[in-house]
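Protein sequences, first through last, are from chains L and G. full-length UniProt numbering puts the first residue of the first sequence at 1, with every later residue one more than the last. full-length UniProt numbering puts the first residue of the second sequence at 1, with every later residue one more than the last. Using N, Cα and C, we set each Cβ at its ideal position, and we do this for glycine too. First up is the structure itself, then whatever we jot down about it.
Number of protein chains: 2
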Amino acid sequence: MNYKGRITHGGYVSKLDNVTPEHGVTNQILANLGAVFYVRTNQPQTLMHLDSGNNVNGFSKNPFNLLLSSGGSSSGEGAISGFGGSAIGVGSDIGGSIRAPAAYSGSIGLRPSSKRISGLGAISSGAGQESVPAVIGPLTRSVDDVDLWMDAYINEGKPWELDGTLIHMPWRKVDKPNPADLTIAVIRDDGLVRVSPPVRRALNETVEKLRAAGVKIVEFTPPNTKLAYETVHKMYTCDGNYMQRELLSASGEPLTKLTKWSLNYGEGARDFPASENRKLNYIRDGLRQEYTEYLVKNKVDFILSPAYNNVAPHSEEVYNWSYTSLFNILDLPTLVIQSGVFQDPNVDKWTEEDLKYKYRSPLEQLENENYHPDEFIGAPVGLQLSGRRYFDEEVVAAGKAIVDVLGVDLFKH
Amino acid sequence: MNYKGRITHGGYVSKLDNVTPEHGVTNQILANLGAVFYVRTNQPQTLMHLDSGNNVNGFSKNPFNLLLSSGGSSSGEGAISGFGGSAIGVGSDIGGSIRAPAAYSGSIGLRPSSKRISGLGAISSGAGQESVPAVIGPLTRSVDDVDLWMDAYINEGKPWELDGTLIHMPWRKVDKPNPADLTIAVIRDDGLVRVSPPVRRALNETVEKLRAAGVKIVEFTPPNTKLAYETVHKMYTCDGNYMQRELLSASGEPLTKLTKWSLNYGEGARDFPASENRKLNYIRDGLRQEYTEYLVKNKVDFILSPAYNNVAPHSEEVYNWSYTSLFNILDLPTLVIQSGVFQDPNVDKWTEEDLKYKYRSPLEQLENENYHPDEFIGAPVGLQLSGRRYFDEEVVAAGKAIVDVLGVDLFKH
Numbered sequence: 001m002n003y004k005g006r007i008t009h010g011g012y013v014s015k016l017d018n019v020t021p022e023h024g025v026t027n028q029i030l031a032n033l034g035a036v037f038y039v040r041t042n043q044p045q046t047l048m049h050l051d052s053g054n055n056v057n058g059f060s061k062n063p064f065n066l067l068l069s070s071g072g073s074s075s076g077e078g079a080i081s082g083f084g085g086s087a088i089g090v091g092s093d094i095g096g097s098i099r100a101p102a103a104y105s106g107s108i109g110l111r112p113s114s115k116r117i118s119g120l121g122a123i124s125s126g127a128g129q130e131s132v133p134a135v136i137g138p139l140t141r142s143v144d145d146v147d148l149w150m151d152a153y154i155n156e157g158k159p160w161e162l163d164g165t166l167i168h169m170p171w172r173k174v175d176k177p178n179p180a181d182l183t184i185a186v187i188r189d190d191g192l193v194r195v196s197p198p199v200r201r202a203l204n205e206t207v208e209k210l211r212a213a214g215v216k217i218v219e220f221t222p223p224n225t226k227l228a229y230e231t232v233h234k235m236y237t238c239d240g241n242y243m244q245r246e247l248l249s250a251s252g253e254p255l256t257k258l259t260k261w262s263l264n265y266g267e268g269a270r271d272f273p274a275s276e277n278r279k280l281n282y283i284r285d286g287l288r289q290e291y292t293e294y295l296v297k298n299k300v301d302f303i304l305s306p307a308y309n310n311v312a313p314h315s316e317e318v319y320n321w322s323y324t325s326l327f328n329i330l331d332l333p334t335l336v337i338q339s340g341v342f343q344d345p346n347v348d349k350w351t352e353e354d355l356k357y358k359y360r361s362p363l364e365q366l367e368n369e370n371y372h373p374d375e376f377i378g379a380p381v382g383l384q385l386s387g388r389r390y391f392d393e394e395v396v397a398a399g400k401a402i403v404d405v406l407g408v409d410l411f412k413h
Numbered sequence: 001m002n003y004k005g006r007i008t009h010g011g012y013v014s015k016l017d018n019v020t021p022e023h024g025v026t027n028q029i030l031a032n033l034g035a036v037f038y039v040r041t042n043q044p045q046t047l048m049h050l051d052s053g054n055n056v057n058g059f060s061k062n063p064f065n066l067l068l069s070s071g072g073s074s075s076g077e078g079a080i081s082g083f084g085g086s087a088i089g090v091g092s093d094i095g096g097s098i099r100a101p102a103a104y105s106g107s108i109g110l111r112p113s114s115k116r117i118s119g120l121g122a123i124s125s126g127a128g129q130e131s132v133p134a135v136i137g138p139l140t141r142s143v144d145d146v147d148l149w150m151d152a153y154i155n156e157g158k159p160w161e162l163d164g165t166l167i168h169m170p171w172r173k174v175d176k177p178n179p180a181d182l183t184i185a186v187i188r189d190d191g192l193v194r195v196s197p198p199v200r201r202a203l204n205e206t207v208e209k210l211r212a213a214g215v216k217i218v219e220f221t222p223p224n225t226k227l228a229y230e231t232v233h234k235m236y237t238c239d240g241n242y243m244q245r246e247l248l249s250a251s252g253e254p255l256t257k258l259t260k261w262s263l264n265y266g267e268g269a270r271d272f273p274a275s276e277n278r279k280l281n282y283i284r285d286g287l288r289q290e291y292t293e294y295l296v297k298n299k300v301d302f303i304l305s306p307a308y309n310n311v312a313p314h315s316e317e318v319y320n321w322s323y324t325s326l327f328n329i330l331d332l333p334t335l336v337i338q339s340g341v342f343q344d345p346n347v348d349k350w351t352e353e354d355l356k357y358k359y360r361s362p363l364e365q366l367e368n369e370n371y372h373p374d375e376f377i378g379a380p381v382g383l384q385l386s387g388r389r390y391f392d393e394e395v396v397a398a399g400k401a402i403v404d405v406l407g408v409d410l411f412k413h
């Protein structure tokens, strides 16, 4: 996001000379609201990794375990919020890039529904890509601060007056619900990659606390996750990575390991015909319909799910983002909160039964075999809370109620 | 739009056997609200003409002059509302298909902002096409009925519960404004096709009445209309007409004259690479930004413009839709109201000066040379009122105030 008079390189070497005379829209709105900017944080090359790492700034570390990644692509923003170096940060999210760093680094992050917060005036490989929209949202240490940020930004900032692509939709005041009035569907496994022991434990403990508080819990096996994952990957790259190649080749900078990985999503360098891009959109709309019908017909208010199949990974060893990207293709507002659970090497081990498990894919094997209990000590477990599309306010309000139930106060960490 | 148990062919011969067991979403919502359905009206082959005409039902006529077209693509719906054969009708609009028939046939029509009204469960060549979204909206004989329809459909129908692609955005109550508080920008010429004498006269008379009522009038030369027109045409066909060809070739039906015309929009049969489709979207977003900035910075509330460069044309002789499609690519809510002016062959003649005019394009020449005063007798002139994106409610409220000023009551026709 352009910050006037300063370099905005977006992780690309070719943009090291990009200094604009004006702020990007969101920075301008925040400046108008009295924000005090004091640091720009790290992000990965191409923005398409749940990790940091670029040829300008290198890697950022996890504040809970310096051997682990802070996640990405809002890499440093998750970390700096998590360790209390910043009151509120701003990130972007097209596959999990707000939620993964929030989850990994012990902070709170909201991926709002699309077109409520402006991304205008930023370096992006996704210009004109609307099959799976990138969104901007806040990273904080409390859900109240998410609410404060969204309220002030939208209702006072009136972003639709500054960005002609946004929706005119004020931020509604929604009261914190009574847990006993909530029905929450829980995803324990997305059918693609099994979660590691600390995530499983955090889900179990969270569900038990919610149930004890009166929440109605429904077990939910999310449908068509493989189709969703394959489709969203094709959407990311269906311009044959045209824009990424423009941004990368302008300098000739070396590609990082995870850039090579992500440039091969979908069909890599194949520039799809528009007719096939439309078919992908049609598949996406069918998925949105299927999930909407599930939520409405079953009177489910929210979905609770892992943010990733593991706690914070090692840098350059995060390959799967099926748990987060599902909510990008569905465009459901999704809040990451902290479960209060931290990885404990004495407890969070694969069981005997786990070790007999038959992997469903090489991706799952790669991810699961990366988990060794003694390598992730102290990593926090964040979870996702998703609601219906454009019911962002309800998600934030319920997030407050759930944090109360869990008794997790990040200001005390 | 599918009507359960009945044929829904959408103007395509290949769909003559399409009978679904369920209503399309909008028909279901209207049924739930107590609507009495009694007739399905005519539409053109491919839906891409501002005219009727297909191989199943032929042409529908203009209720004010049977030698003229009722417009299209919501062809019969404009006519039946205009002559009082229906209380409220429903149409769709991707280039002017609600507004042209409303304007030509003496009725009122609203093209809402996108994703407020459901198009799910309809025959469409545009599945997955989101560069320039098709929208659904009402055709009526009064602006109050537009308000009634939108209010009931959205607030009671809750369409976002039935269609996962829609926005959760209730219909707001907005009071009819005082004309003296309004600033309206007037487009008298879009830089592409000069308007014919009756349209010019209607604009002049309308502006004078509004000015007399205290409205602040600003002359507005809309920027980049050629770019907008070329871009929107490429967007319509950038799948190389893949879906249209699927729907048409399945029966081998003959193509009508205007189908051949519209299949050649943009680059016709060329299936654009996704990277080029994204560039078109990027151009579109730039246009939206430019018009938003104009409206906001100049404190302009609404734009008044012709709905077409002429009154209702002869069937198969409507080639230009630059005046309506501009608001499709901009996605601005646009209401067609009646000026109260009807073509008068004794008054609405080209002047001596008009006859010296140098055409700016073959399209303009084709359209302007089609105007002969004695061939359009009694045709009504409808005008467009556009507002800011997702300020549909304000457009409808202002439409009521303007109709009051003009003193046009269609129930008395």
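In the DSSP assignment, the beta strand (DSSP E) including residue i goes from what residue to what residue?
i, result
"Thr231/L", "Element bounds for Thr231/L: not the beta strand (DSSP E) but the alpha helix (DSSP H), Thr225 to Thr237."
"Leu66/L", "Asn65 to Ser69"
"Thr256/L", "Unbroken run through Thr256/L: none, as it is neither H nor E."
"Asp93/L", "Gly89 to Asp93"
"Pro373/G", "First-last for Pro373/G: undefined, no H or E at that position."
"residue 418/L", "What the structure shows of chain L is the stretch from 1 to 413, and residue 418/L is not part of that stretch, so it cannot be assessed."
"Ile7/L", "Neither: Ile7/L is in no beta strand (DSSP E) and is coded neither H nor E."
"Ile123/G", "From DSSP, Ile123/G is part of no beta strand (DSSP E); its letter is neither H nor E."
"Arg99/G", "Run containing Arg99/G: none in the beta strand (DSSP E); it sits in the alpha helix (DSSP H), Arg99 to Ser105."
Quick check on the burial criterion: 16 or more other C-beta atoms within 10 angstroms. Buried or exposed for residue i?
i, result
"Tyr38/G", "exposed"
"Tyr104/G", "buried"
"Thr221/L", "exposed"
"Ala202/G", "buried"
"Phe327/L", "buried"
"Asn241/L", "buried"
"His372/G", "exposed"
"Val25/L", "buried"
Can you tell me where the alpha helix (DSSP H) with residue i in it begins and where it stops?
i, result
"Phe327/G", "Ser322 to Leu330"
"Gly399/L", "Asp392 to Leu406"
"Pro380/L", "Here Pro380/L belongs to no alpha helix (DSSP H); instead the beta strand (DSSP E) covers Pro380 to Ser386."
"Ile80/L", "Ser75 to Gly82"
Would you please verify whether the beta carbon of residue i is less than 7 Å from any beta carbon of chain L?
i, result
"Asp271/G", "yes"
"Lys299/G", "no"
"Lys176/G", "no"
"Lys158/G", "no"
"Val403/G", "no"
"Asp285/G", "yes"
"Glu161/G", "yes"
"Ala35/G", "no"
Shorter than 7 Å from the beta carbon of residue i to some beta carbon of chain G?
i, result
"residue 419/L", "This structure does not reach residue 419/L, given that chain L is present from 1 up to 413, and the question cannot be answered."
"Ala185/L", "no"
"Tyr308/L", "no"
"Asn54/L", "no"
"Tyr282/L", "yes"
"Val277/L", "Looking at the sequence shown, residue 277/L is not Val but Asn. Interface residue, yes."
"Ala250/L", "no"
"Thr292/L", "yes"
* Asked: Does the segment 223 to 235 of chain G come within contact of the segment 274 to 287 of chain G, defined as at least 3 CB pairs closer than 8 Å?
  -> Contact between the segment 223 to 235 of chain G and the segment 274 to 287 of chain G is established, with three or more Cβ pairs separated by less than 8 Å.
* Kindly confirm or deny that the segment 374 to 384 of chain L and the segment 333 to 351 of chain L touch, where touching means at least three C-beta pairs closer than 8 Å. => The segment 374 to 384 of chain L vs the segment 333 to 351 of chain L: in contact.
* **At least three beta-carbon pairs within less than 8 Å, the segment 2 to 21 of chain G to the segment 117 to 127 of chain G** => With a cut-off of 8 Å, the segment 117 to 127 of chain G and the segment 2 to 21 of chain G count as touching, because enough Cβ pairs lie within range.
* Sequence ranges, beta strand (DSSP E) only - wholly within the segment 145 to 215 of chain L, length at least 3 -> Counting only runs of 3 or more, we get 183 to 186.
* To do: Kindly confirm or deny that the segment 42 to 55 of chain L and the segment 68 to 75 of chain L touch, where touching means at least three C-beta pairs closer than 8 Å.
  => The segment 42 to 55 of chain L is in contact with the segment 68 to 75 of chain L.
* Does the segment 265 to 277 of chain L come within contact of the segment 306 to 313 of chain L, defined as at least 3 CB pairs closer than 8 Å? -> In the pairwise beta carbon analysis, the segment 265 to 277 of chain L is classified as not touching the segment 306 to 313 of chain L: fewer than three pairs are separated by under 8 Å.
* Flag this pair as touching only if the segment 55 to 64 of chain G and the segment 19 to 34 of chain G have three or more C-beta atom pairs under 8 Å; answer yes or no. => Taking a cut-off of 8 Å on C-beta distances, the segment 55 to 64 of chain G does not touch the segment 19 to 34 of chain G, as fewer than three cross pairs fall below it.
* List in chain order: all unbroken alpha helix (DSSP H) runs of 4+ residues lying wholly within the segment 281 to 362 of chain L. => Every unbroken stretch of the alpha helix (DSSP H) spanning 4 or more residues and falling wholly within the segment 281 to 362 of chain L is given here in chain order: 322 to 329 and 352 to 355.
* Asked: Would you say the segment 88 to 100 of chain L touches the segment 356 to 371 of chain L, given that touching needs at least three Cβ pairs under 8 Å?
  -> As far as the Cβ criterion goes, the segment 88 to 100 of chain L does not touch the segment 356 to 371 of chain L, which means the pair count is below three.
* Asked: Is the segment 204 to 224 of chain L touching the segment 15 to 22 of chain L, taking contact as three or more C-beta pairs under 8 Å?
  -> No: fewer than three Cβ pairs fall under 8 Å.
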